[in-house]
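For the sequence shown, my numbering assigns the number 8 to the initial residue and increments by one for each residue that follows.
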Amino acid sequence: MGQFRQISTFVEVVARGSLSAAARAEGIAPAMIGRRLDALEARLGVKLLQRTTRKLALTDEGAAFLEDCQRILGELEEAESAVAERSARASGHLLVSAPAGFGRQHVAPLLPSFLAEHRDVTVNLNLNDRVVDVVGEGVDVAIRIASLSDSSLIGVKLADNQRVLVASPAYLKRHGVPETLADLARHNCLAISSEGSQRGWTFRDNGKLVTLKVAGNMVCNDGEVLHDWALAGKGLAWRSMWEVGTEIEAGTLCTVLDRFAAPGNDIHAVFAQRRHLPLRIRAFVDFLRRTYAQPDYWRA
Numbered sequence: 008m009g010q011f012r013q014i015s016t017f018v019e020v021v022a023r024g025s026l027s028a029a030a031r032a033e034g035i036a037p038a039m040i041g042r043r044l045d046a047l048e049a050r051l052g053v054k055l056l057q058r059t060t061r062k063l064a065l066t067d068e069g070a071a072f073l074e075d076c077q078r079i080l081g082e083l084e085e086a087e088s089a090v091a092e093r094s095a096r097a098s099g100h101l102l103v104s105a106p107a108g109f110g111r112q113h114v115a116p117l118l119p120s121f122l123a124e125h126r127d128v129t130v131n132l133n134l135n136d137r138v139v140d141v142v143g144e145g146v147d148v149a150i151r152i153a154s155l156s157d158s159s160l161i162g163v164k165l166a167d168n169q170r171v172l173v174a175s176p177a178y179l180k181r182h183g184v185p186e187t188l189a190d191l192a193r194h195n196c197l198a199i200s201s202e203g204s205q206r207g208w209t210f211r212d213n214g215k216l217v218t219l220k221v222a223g224n225m226v227c228n229d230g231e232v233l234h235d236w237a238l239a240g241k242g243l244a245w246r247s248m249w250e251v252g253t254e255i256e257a258g259t260l261c262t263v264l265d266r267f268a269a270p271g272n273d274i275h276a277v278f279a280q281r282r283h284l285p286l287r288i289r290a291f292v293d294f295l296r297r298t299y300a301q302p303d304y305w306r307a
């Protein structure tokens with residue numbers, strides 16, 4: 008029991024960012040938290056955290072150990088929840104955040120079915136393209152289409168996703184098919200821009216990832232608009248497969264430069280670390296994962 012408490016304390020301290028915050032959550036003195044961490048490091052024979060009066064920083068050993076601890080604690084919570092859920096019902100309010108385009112197409116249409124299964128749950132769906140502060144803004148579940156780097160959050164992969172460069176057949180007939188990355192300079196590239204700054208397009212070239220700033224006569228901060236422009240034959244657009252997969256299958260959009268495609272930018276659900284994850288969160292994440300895993304879903 009003592010070893011388990013040391014591990015759970017270590018994870019809690021990292022999640023909350025300080026010994027005092029972890030102590031307040033548990034209702035004990037910060038000195039007790041410090042003694043548990045000292046005992047854990049002494050037992051392992053390694054330094055897990057660099058502690059100062061101002062901040063905490065994980066050592067390399069601490070970062071590796073944290074991943075294992077999170078997995079172990081997560082599996083234990085899942086085992087406990089699986090037993091409890093046999094007689095429990097999901098209830099309460101869910102605040103869900105999702106990127107605007109993805110949320111409109113692949114979250115909002117699914118909510119009626121989810122709520123039909125869980126009649127004691129209510130949902131507030133917040134659609135925006137900024138990275139929300141899950142803990143600070145009280146978000147229960149955030150959908151992110153990106154690699155995950157925040158160790159204070161739990162991430163569950165919902166589906167694969169690939170970025171592809173597309174254009175309409177009419178555009179390619181008029182301007183030709185690009186064969187190399189250098190060819191992009193002579194094409195009208197429809198780029199996304201946020202607050203006047205272009206994000207650039209990422210490719211794999213000779214085994215290395217490269218991000219290129221492209222040029223065109225139209226930019227927009229809304230991916231759906233770029234999608235519509237590409238369909239209308241106005242230029243090349245770098246989009247996600249979740250957005251353009253049906254058009255590619257129908258032949259209204261064609262992919263180009265496929266051999267330069269970068270690694271996948273997968274779809275995840277992220278949520279704050281909690282000792283006892285509410286059933287409504289687990290039920291919602293499982294519902295999305297189950298729905299996206301259906302073979303015909305992305306062709307619908």
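Cβ coordinates follow ideal geometry from the N, Cα and C atoms, glycine included.
Around glycine 108, the same chain offers Gly230 and Glu231 as residues with beta carbons nearer than 6 Å, after the five sequence neighbours per side are excluded. Fewer than three Cβ pairs drawn from the segment 242 to 250 and the segment 126 to 138 lie within less than 8 Å of each other, which leaves the two stretches out of contact. The beta carbons of histidine 275 and arginine 151 sit about 5 Å from each other, so the pair counts as a contact at 8 Å. From the listed residues Glu48, Ala257 and Leu73, the smallest Cα separation to tryptophan 305 is found for Ala257. By the neighbour-count definition (other C-beta atoms within 10 Å, threshold 16), serine 104 is a buried residue. Note that the C-beta distance between tryptophan 236 and leucine 179 is not below 8 Å. If only complete runs of 3 or more residues are kept, the segment 251 to 281 shows the beta strand (DSSP E) at 261 to 263 and 274 to 279, in order along the chain. Taking C-beta atoms under 8 Å as the contact rule, alanine 174 and leucine 233 fail to qualify, at a distance of about 12 Å. No Cβ-Cβ contact shorter than 8 Å links leucine 44 with valine 18.
Around the C-beta of glycine 110, 16 or more other C-beta atoms lie within 10 Å, and the residue is accordingly described as buried. Per DSSP, leucine 122 lies in no beta strand (DSSP E) segment; the continuous alpha helix (DSSP H) that holds it begins and ends at 118 to 124. In the assembly as shown, proline 176 is an exposed residue. Its beta-carbon has fewer than 16 other beta-carbons within 10 Å. Look at alanine 38 here: in three-state DSSP terms it is helix.
Of the residues assessed, threonine 218 falls on the exposed side of the cut-off, its CB having fewer than 16 other CB atoms within 10 angstroms.
Spatial neighbours of glutamate 254 in its own chain (CB-CB distance under 7 Å, excluding positions within 5 residues in sequence) are listed in chain order as Leu238 and Leu260. Shown here, lysine 220 sits in coil according to DSSP, grouped into three states, outside any helix or strand. Spatial neighbours of leucine 122 in its own chain (CB-CB distance under 7 Å, excluding positions within 5 residues in sequence) are listed in chain order as Val128 and Val130. By the Cβ-count criterion, glycine 143 is exposed, with fewer than 16 other Cβ atoms from all chains shown falling within 10 Å of its own Cβ. Counting C-beta pairs closer than 8 Å gives three or more between the segment 285 to 301 and the segment 159 to 169, which meets the contact rule.
Counting only runs of at least 3 residues, the segment 31 to 82 fully encloses the following beta strand (DSSP E) elements, listed from N- to C-terminal order: 56 to 58 and 63 to 65. Taking the Cα positions, phenylalanine 72 is about 44 Å away from leucine 243. Sequence-distant partners of valine 226 (beyond 5 residues in either direction) whose C-beta falls short of 6 Å from its own C-beta, in its chain, are Ala198 and Ser200.
With a cutoff of 8 Å on beta-carbon distance, aspartate 140 and leucine 101 are scored as not near each other. When only Cα atoms are considered, glycine 81 and lysine 220 end up about 41 Å apart.
The beta carbon of glutamine 169 is closer than 8 Å to those of Ser247, Met248, Ala268, Gly271 and Asn272 in its chain, skipping five residues each way along the sequence. If only uninterrupted alpha helix (DSSP H) runs of at least 4 residues are considered, those enclosed by the segment 155 to 216 are 176 to 182.
Rounded to the nearest whole angstrom, the C-alpha separation of threonine 262 and aspartate 212 is 17 Å. In this structure isoleucine 40 does not touch alanine 49 by the C-beta definition: roughly 15 Å separates them, more than the 8 Å allowed.
Excluding the 5 residues flanking it on each side, proline 37 has same chain C-beta neighbours closer than 6 Å at Leu26, Ser27 and Ala30, in chain order. The continuous stretches of beta strand (DSSP E) do not include leucine 286, which lies in the alpha helix (DSSP H) extending over residues 286 to 299.
By the beta-carbon neighbour count (other beta carbons within 10 angstroms, threshold 16), glutamine 77 is buried.
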